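J.: Read top to bottom, the protein sequences are chains X and G. Per my numbering: the first sequence = residues 29 to 857. Per my numbering: the second sequence = residues 937 to 1477. Sharing a structure here in C-alpha cells format.
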Amino acid sequence: MKLLLPLLLTAAALAADPVAVRLVPAQFELHRPGASQQLLLIAEYADGSTQDLTDAATWSANAPAGLVTAGGTPGPLPVTATHGRFRASATGRLETAPGPAVFRFRSAIGPILTRRGCNSPACHGGVKGRGGLKLSAASLFPRDDYDWIVQGGEYQVLSAESRTPRTPRVDLRNPNASLLLRKATGTVSHGGGPRFAVDSLDYRTILDWIRQGAPFGPPDDDASRITAIEVFPKILTLEKNRKHRLLVTAVLANGRREDLTAQALYLTNDRQIATVADSGLVAPVALGETSILVRAAGQAAAVIVGVIGDPVAHYPPIATNNFIDEHVFDKLRRLRILPSGLSSDAEFLRRVCLDLTGTLPPPGRATAFVNSRDPQKRQRVIEALIATPEFTDYWTFRFQDLFRVALFANGINPKWSQMYGEWIRESIARNKPYDRMAWERLTAQGYDGPTRHFLPYDVIGTPEETMAEEVRVFFGRRLECAQCHNHPYETWSQDQFWGLAAFFGRLFKMGDTGNEYVIFDHPLHEGMGNAEVNGRIETLHPRTKAKLVPTLLDGRSVPPSDQENPRKALASWMVQHPYFAEAAVNRLWAEFFGRGLVDPVDDFRSTNPATHPELLSRLAAEFRRGGHDLRALMRLIVNSRTYQLSAATNPTNRADRANYSHALPRPLLAEVLLDAIGQVTGVPERFTTTIAPDGKITQQTPTGTRAIHLREPDLFHSRFLELYGRPNRLALPERSGKANLGQALHMLAGSIYNEKLTAPASRLQTLLRAQTTDGAILEDLYLTALGRLPEAAEREQLLTALATQPDRNQAWKDLYWAVLCSREFAENH
Amino acid sequence: MKRLAGPMSGALWVLFSYTARLCAAEPILQSVHPLAGPPGATYQATIAGANLAGLHSLTVDEPGVRARLLSATADQLNIEITLDPSVPSGEKKLRAIGPQGITNAISWHVVAEPTALAKPDLTLAPPLVVNGVLREPGEVHTFTLKTQAGEALTFEAVSASPAFDPVLTLLEPAQESWFSPKSWKRLAFHDEDLFFPGLSTQPRLTHLFATAGPYRLQISGFSGHGGPAASYYLRVRPGTAPPPPRHPLPPPDWTPRSFVRQLGPDWLSQLYRRGGDQKTQPPPPTRIAASAKAPPSLSIPGIFEGRIDQPAQVRKASLHLEQSLQLALEIETPEATLPEFNPVVTVFDSTGREVATNVHTKRNNNGLYMMKMIHPRTTFLLTPGDYTLQVRNITTDHGRPDFAFRVLLRPQIAHAGRVTLPDDRLNLTPGAARVLTFQLDREEDFRDPVAATLTGLPPGVSVLPVADNPVERPPLPNAGRIERYTPKPQTFSLLLQVAEGTPLSAVPVYPKLTVRPVRQGRLAAPLLEKPIPLMIVAPTP
C-alpha cells in the first residue's frame, strides 16, 4: 500500500506562502510579426493547490502584465515575474524579423466572429446559419466564412449553391456602410442585437480590413493548420475568493504553438458556480463544480472548474490500491473532499457480485466472506467471480446490449440473432481481446455472426447510420450532427462524416428471400449487372454530390479496391486510435460506477470533458498495453479502493456525484433486478415467446433461464422488464434508471412482486412449512436479499412486529414484499 | 412393396363403413416416438398428429419392417414396430390408413446402435441412441456422461419433424462453483452447423474431453420450442466422426437450378432428353482448368473449373466467338457452397464492359433499393468477339481450398426443367371433384406441348384435363432481366371426378402420374413418373 498524502495538512499550513512559483508557459516562441504570448505566474502550495498571481506579480519590462509581443530583433526573449520573495522565469525566443504583420482572415477576422458570438451554434454558426448568413462554428472553415461574407449568398444544407442571389456583406466602396458592420453594431435591425460598438477595436479592425479591399490573405498551408487548442489549466480548483486566468494555446500541424488567449470565446456552463470574463479570467461564485467551454479557431476545449471550500483540518492519509486511487484521491484532495471509508465486507461482496456477475451472493458465501480473516479475501473473491459461468453470462448480456442483439436488429430472424449472440458469447467466454472483437464486427463479411448486425429490419442500414453507430460504440462519439452540416459543437465536418460513412457505402447483401443474406462489399468497378441493367452503386456527398472516397477522420483517404474489404482499413485505424481505448475503458468504468469518466459514455466531445482526464488516459494506456483485455481492466477497476469505498457519505463528499468520493447507489438493471427477485423468492421467471391463437404456449424458456440469458428482448416479452427500462435494442441502448408510476403499480399489484411470494415452491413457503423460526427466516431473507444480517435494532423491531401479527404467513409475505420493494434491495450500493 | 396390417384387418370393411361417418378432415401425422429403433427389435411407439381417430392400419414401404396399429385417438396413434435383424439402418417412411383416408408419410429411423428412452438419470454410454420427446415448451432433457481423459465423443440429434429444431449443449462442472456447488458451466453449444436454406438444422457436437469426469449433455428446442410432436433421437458415438459436408444434397426431383446439381459429362444429354430429343448425343464439353498464368481459352460447349483458394482471388478464362450465340451459363459448386462460397461469374467484352453475370439485379417493389441475387444458371446472347469470363467469390475476405467451381458455357437447349407436384396423397369423396395441379418449368424457350396422364385409377374415378385460369400479374417494372435467371413456370391441372356411389376404399391404390413432352407428334420419355396413394373416403359430415 502506498500513501498518497504523507503529510497531515492543516488550514494554517494552507494559508502559508507557496512552496514555489512558475511561469506558464515556461518556454515559448513567436514566429510572426504581431504575434504575442500571454504568460501566467502560478503559485504552488504544499497541498498541491495552485493560485494565479499574474495580476499581482511584477513583470520584466518586455512582458507588461505578462504579455509578450513580437518586436525587435530575433533572438532570446527572457521573461521574469516576481511576487514577494518568489521569482520565476520563462525562456522565450523571437523567431521572426521586424516587419508588418501579414494579414490573415483566419487570425484577424475569425477570432472577432468567435469572441463576439457571431459564429456560435445558436447564431450564424448553427446548422443553416441565421438570417441568411452561415458561418462555420468558431471559424473552423475560414475560407467558407470569407466567401459568404465577401461574396454573399444564402447557405443551403443539401446544395453547395446559394439559395438567393449573392449580395456581398461588405461594401468596398463605402466600408462604413458594410452590412457586416451595420448589423454587428445594431445600426440596422439585427436579431442577435449589437455585438460591438462603433468605435470598438473589433469595429476598427473589420473596417480597416474592408478598406484594404477585404483580402483573405495568404492561404494557410498545411503546416500552419491549427489541429487543436489546449487550455491551461485543464482542471482548475479555485478557492472561494480567488480568480484564475485561462491560457489558450493553438497546436499547429507543424508542431508549433500559438497563443490564442485573446482570440478565444469563453462560456461558463453554470454561472451559479463560476463566471468567466472575455479575457478568460475565471471568478468563483459558489462551491461546486462546473466547466468552462473555450472556443477558438474552429476548435473547442473545456476546463473543469471546482470551486472549493475551506481546507480540511486533518485530511488523513488515504491508502491506495492502484493508480486509479492515486488519480481519484489526488483530485479529491485538491477539491478538499474526503473520500468515504472502505465499504464493509458485506457491502463490498454484494456490490462486486452484482457488478461482475449480475447475481446476488448466496447466503452461505456472504456469511463465510464476512467471517473470513484472510487479508486477501477481496482479491480472491474477485478472481473467483471472474471465473464463474455467471460472469460469462452477465458480460455476454452486457455486450449483447451494446452490440444490439435483437430479433429486429439482426434481420428479423431468431437464428441470426442467435448466430450473432453466440459470437459475442464466445468472445466473452474466451476473453477475446476487445480490439479483435471490434475488428471482427467492423469488417464482417459473408454469413458469420457479426455480419448479422448489418441487417437492421432485414435491410442493409444506410452508410451514415451504420458508420454513426460504429463510431458511437467504439469511439464513444456522436457524429450524427455532421451528417447534414458541419457539427455545430465539435470540429467534425460534413466532409469528414461522409468520408467515414463511405467505408460502409459499398456494404451490400446478396439474396432476396429474407433467409439467405450474405454480406459483402459491392465492387466499385463492376455492376454485377449487364449491358441493360446498371447494377453499379456509388455513394454521393449529399451537399456537393461528389463521389465519396472512404476517408479517415485524420484526412487520410483509402483508395477503393475491388479486391479489398474497405472496412479493414477503417477497423485497423479505429482500434489503434486513442479514442478506441478511451471509449472502451470509459464504458466499462461506467458499468462499475454508474457514470463514465466522460458521461454519458458515448458522448465524448471537447465540450464534455472527462472528470479525470489523466486517469482516463492512463486507463486507456493500460488497456492498450494489456492487449485490450476486458477481464484485466475489470480486475483493475474492482480492485481499486475507489471502487470499494462505502456508499456512506461524510460532510465533505455528500454532494459529490462525479468524483467517486463514495459509492453511488445505482438501480439494478431491469434484468438483474428480476433475476434477483427470482433468487430471493426461489421462484424463477418463465419467459414466453409464442402463444398460439388458442392461448396455448408453444415456446417458453427452460426453467432456470435468467432474464440476462434472454438474447432477444423483442422476442421474449416481459411487462416487468419493459417497466424497469429494458431497451428493445432497436437503437443503441440508453437505459433509464428513473422510477416511474408503472413500477409503483407493479410493486403493488404485479405478479412479480406478489405471486412469487405465495407460490408453494417459494423460498418463504418452504421455510414456513419447515417450521423455521422467525429469527432464522429473517436472517435468511436479509442475507439472500441484502447480503447482510439484520442489525440488532432491525432484528428486534421486525421480530416484535411479526409476533404481533395474527397471520404469520401474511406477515412474512408482507415483510418479504417490503424488502423486495426497498431501495437497498433494488439498488447496487 | 406395400404392407397393410392392423388389428381390424379382418373386419375392415364393416368397421370402416361405420367410422367413415365420424371422420372430419384429412389425417395428418407429425412425429414418431421413439424415433429410432435397432434391427431385430419389437417396440411400441406413439405417433402424434391430428384427425387420427378412426385410423385402423399402417403402411410401411420397407422390407423387413412390420408396423401394427394398436389404438388411435384424435391426436395420437399407438403402434408396434417389428424390425427384422436384417433391416438396414436409415430413414424409413410410414403412413396410416383409415376411413378418413391415407395420411402423409412420416419419417422414422432404424439405427445400428442400442437404443434407450430418455429419462432424467440416464447415463450416456456410447454407442447409444436415446429417444425422447420434449413434451412441454421449455422442456430440457439432461443426460450424464462419464468420460475418460482424452476421450472423444460425437453427439448428433435428429428431430422427427421439420417443425422441431433441437439444440445441444454440453456442460462441465464449473471450475469455480462459487455461486452453487451444483453449478455447471457451458462447455460447448450446437444448434446447427450453419443456418441456411437447404442445410440441415440438426445439431451435431464433437468434443475431445481433456479431463475425465462427469459431464452433462442437454437437448432442448430452439427458442424453447416443445410439444407432443417434439420427438428426437440423440446418437452418442465414440470418436470424432468427420462432420458431414456443409452441402445440401441435390434435390430429389430433377432440377437444373441448383448450385449442387452435378454438371457431369452427360449433362448436355440430360438436357436434350428433357427437351424430348432422345437421339442427339452431344460430346462432353471440353474442360479447362483455372491457371495462375494466362487465362485458358474456353470453347463452347466448355467447362471451366477451378478453386478460389485465396481471399479476393479472381479466376479468368478467355472466349472467342465467331458468330452470335444464345448461350447458357451454369455454375456448380461441387464442394463448399452458399452461403460460404458464393461464386460470381461475369462475362466481359473486349472493352471491359459487363455483358452477362449470374447475379440478378433488380429493384425492390417501391424502387428504392437495389437487390441482387446469385443464380446457378443464366442465359444471354453473345455477339461475335473476344470475351473474358471471370469467376470470384462475392466476398473479398474469404477463400478456401474447397471453394471449388465448375462453370459450363453452352448453347441454349430448350428443355423442360423441374416438374413439381405438391400433393403427396389424394383422399377423394364420392360425388366430388378435386383438381390435381403440378408445375413445369419451361427452360430456354422450351415450347413443346407436355402431356400428363394419370393411370391406375380405381373404378368410378375419371380424369379430365383442366384449363387453369391464367394468373394475370402486371409486369414488374423493377424486375431487371429476370427472364435470364428464371424459367417460365407453367401450371397444369387434372380434374379427378369421383362418381356418386363409388365404393369407399379399404386400402389405397397407387395411380401413377406421368408427365411427358410431346416432340414432333410423339410422346417422349417421361419427365416425371410418380405414384400417388389415393383413397375414396366418405364426405366430411
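Where is the CB? At the ideal position from N, CA and C, for every residue including glycine. If you're wondering where the values come from, they're calculated on a predicted model, not measured in any experiment.
The segment 1286 to 1297 of chain G: which residues have C-beta closer than 8 Å to a C-beta of chain X, in chain order?
T.: Cβ contacts with chain X come from Arg-1289, Glu-1290, Val-1291, Ala-1292, Thr-1293, Val-1295, Thr-1297.
J.: Are the segment 1324 to 1337 of chain G and the segment 1264 to 1284 of chain G touching by the rule of at least three beta carbon pairs closer than 8 Å?
T.: At 8 Å Cβ cutoff, the stretches touch.
J.: Considering just the uninterrupted stretch of the alpha helix (DSSP H) at X/Pro-641, what are its terminal residues?
T.: Start and end: 641 to 653.
J.: Compile a chain-ordered list of the residues in the segment 1064 to 1076 of chain G whose CB is closer than 9 Å to at least one CB of chain X.
T.: The segment 1064 to 1076 of chain G vs chain X, Cβ under 9 Å: Glu-1072, Pro-1073, Gly-1074, Glu-1075, Val-1076.
J.: Among residues of its own chain, excluding the 5 on either side of X/Ala-529, which ones have a beta-carbon nearer than 6 Å to its beta-carbon?
T.: Counting only Cβ-Cβ distances below 6 Å, and skipping sequence neighbours, we find Pro-491, Glu-492, Met-495.
J.: Report the three-state DSSP secondary structure of G/Pro-1347 (helix, strand or coil).
T.: It is a strand residue.
J.: Measure the C-alpha to C-alpha separation of X/Glu-740 and X/Ser-445 and round it to an integer number of angstroms.
T.: C-alpha separation (whole angstroms): 7 Å.
J.: Note down, in chain order, each residue of its chain lying with its Cβ closer than 8 Å to the Cβ of X/Gly-100, except the 5 sequence neighbours on either side.
T.: If we look at X/Gly-100 and ignore the five residues flanking it on each side, its Cβ neighbours are Leu-122, Pro-126.
J.: If we ignore side chains and look at the alpha-carbon of each, how far apart do G/Glu-1290 and G/Ser-1233 end up?
T.: Their backbone Cα atoms lie some 18 Å apart in a straight line.
J.: In or out: X/His-342 buried (at least 16 other Cβ within 10 Å) or exposed?
T.: Exposed, because fewer than 16 other Cβ atoms sit within 10 Å of the Cβ of X/His-342.
J.: Is G/Tyr-1446 buried or exposed, if buried means 16 or more other CB atoms sit within 10 Å of its CB?
T.: Exposed.
J.: Using a Cβ-Cβ cut-off of less than 9 Å, give me the residues of the segment 531 to 550 of chain X that come near chain G, in sequence order.
T.: From the segment 531 to 550 of chain X, only Phe-536, Lys-537, Met-538, Gly-539, Asp-540, Thr-541, Asn-543, Glu-544, Tyr-545, Val-546, Ile-547, Phe-548, Asp-549, His-550 have a Cβ closer than 9 Å to chain G.
J.: DSSP has G/Ile-1472 in a bridge; who is on the other side?
T.: DSSP lists G/Leu-1364 as partners of G/Ile-1472.
J.: Could you name the residues of the same chain whose beta carbon sits closer than 7 Å to that of X/Tyr-752, not counting the 5 residues immediately before and after it, in chain order?
T.: So the list reads Ala-698, Leu-701, Gln-771, once near-sequence residues are dropped.
J.: Mind checking if G/Ala-1110 is an interface residue toward chain X, Cβ cutoff 7 Å exclusive?
T.: True, the Cβ-Cβ gap to chain X drops below 7 Å.
J.: Among G/Lys-1252, G/Asp-1245, G/Leu-1199, G/Trp-1203, which one has its Cα closest to the Cα of G/Ala-1225?
T.: Out of G/Lys-1252, G/Asp-1245, G/Leu-1199, G/Trp-1203, G/Lys-1252 has the C-alpha closest to the C-alpha of G/Ala-1225.
J.: Can you tell me which of G/Glu-1380, G/Glu-1465, G/Val-1280, G/Gly-1321 puts its alpha carbon nearest to the alpha carbon of G/Gly-1392?
T.: Selected option, being the one with the closest Cα: G/Glu-1465.
J.: According to DSSP, is G/Trp-1190 part of a helix, a strand, or is it coil?
T.: G/Trp-1190: coil per DSSP, three-state reduction.
J.: Pull up the distance between the alpha-carbon of X/Asp-373 and that of X/Tyr-810, whole angstroms please.
T.: Between X/Asp-373 and X/Tyr-810, the C-alpha separation is close to 15 Å.
J.: Spatial neighbours of G/Asp-1057 within its chain, please: CB distance less than 8 Å, with the 5 preceding and 5 following residues excluded, ordered by chain position.
T.: Cβ neighbours of G/Asp-1057 beyond the five flanking positions: Thr-1080.
J.: Are the CB atoms of X/Trp-526 and X/Leu-576 within a distance shorter than 7 Å?
T.: Yes, these two residues count as a Cβ contact at 7 Å.
J.: Just confirm the distance between the C-beta atoms of X/Ser-668 and X/Asp-353, as a whole number of angstroms; I'd bet it's less than 8 Å.
T.: Going by Cβ atoms, the distance from X/Ser-668 to X/Asp-353 rounds to 5 Å, so yes, they are a contact pair.
J.: From X/Arg-659 to X/Asn-438, what distance separates their C-alpha atoms?
T.: Cα to Cα, the separation comes out at about 27 Å.
J.: Helix, strand or coil for G/Trp-1044? Go by DSSP, reduced to three states.
T.: G/Trp-1044 falls in the strand class under three-state DSSP.
J.: Quick check: the Cα distance between X/Gly-180 and X/Leu-295, rounded to an integer number of angstroms?
T.: When rounded, the distance between both Cα atoms is 29 Å.
J.: Take the Cβ of X/Tyr-462 as the centre, count every other Cβ of all protein chains shown within 10 Å, and call the residue buried at 16 or more, exposed below.
T.: Label assigned to X/Tyr-462: buried.
J.: Residues in the segment 1307 to 1340 of chain G with C-beta within 8 Å of chain X's C-beta atoms, listed in sequence order?
T.: Taking 8 Å as the Cβ-Cβ cut-off against chain X, the residues of the segment 1307 to 1340 of chain G that qualify are Met-1307, Lys-1308, Met-1309, Ile-1310, Phe-1316, Ile-1330, Thr-1331, Thr-1332, Asp-1333, His-1334.
J.: Using a Cβ distance threshold of 8 Å, determine whether the segment 1037 to 1047 of chain G contacts the segment 1100 to 1119 of chain G, with at least three qualifying pairs required.
T.: Too few Cβ pairs lie closer than 8 Å, so no.
J.: Run through chain G and tell me which residues come within less than 7 Å of X/Glu-493, C-beta to C-beta.
T.: Going along chain G, no residue has its Cβ under 7 Å from X/Glu-493, so there is no contact; the nearest lies around 14 Å.
J.: Could you check which residue in X/Glu-375, X/Ile-336, X/Phe-376 has the C-alpha nearest to that of X/Lys-359?
T.: Nearest of X/Glu-375, X/Ile-336, X/Phe-376 to X/Lys-359, Cα basis: X/Ile-336.
J.: Just reading off the alpha helix (DSSP H) that X/Asn-558 is part of, what are its end residues?
T.: No alpha helix (DSSP H) contains X/Asn-558, which DSSP labels as neither H nor E.
J.: Could you pull the start and end residues of the alpha helix (DSSP H) that X/Asp-298 belongs to?
T.: From DSSP, X/Asp-298 is part of no alpha helix (DSSP H); its letter is neither H nor E.
J.: In this structure, does DSSP put X/Ile-414 in helix, strand or coil?
T.: Three-state result, X/Ile-414: helix.
J.: Going by DSSP, what residues sit across from G/Asp-1322 in a beta bridge?
T.: Answer is G/His-1256.
J.: Measuring CB to CB, does X/Pro-203 end up less than 7 Å from X/Leu-235?
T.: It is a contact, given that the beta carbons lie within the stated cut-off.
J.: In whole angstroms, give me the CA-to-CA distance for X/Val-708 and G/Asn-1363.
T.: Those two C-alpha atoms are separated by around 58 Å.
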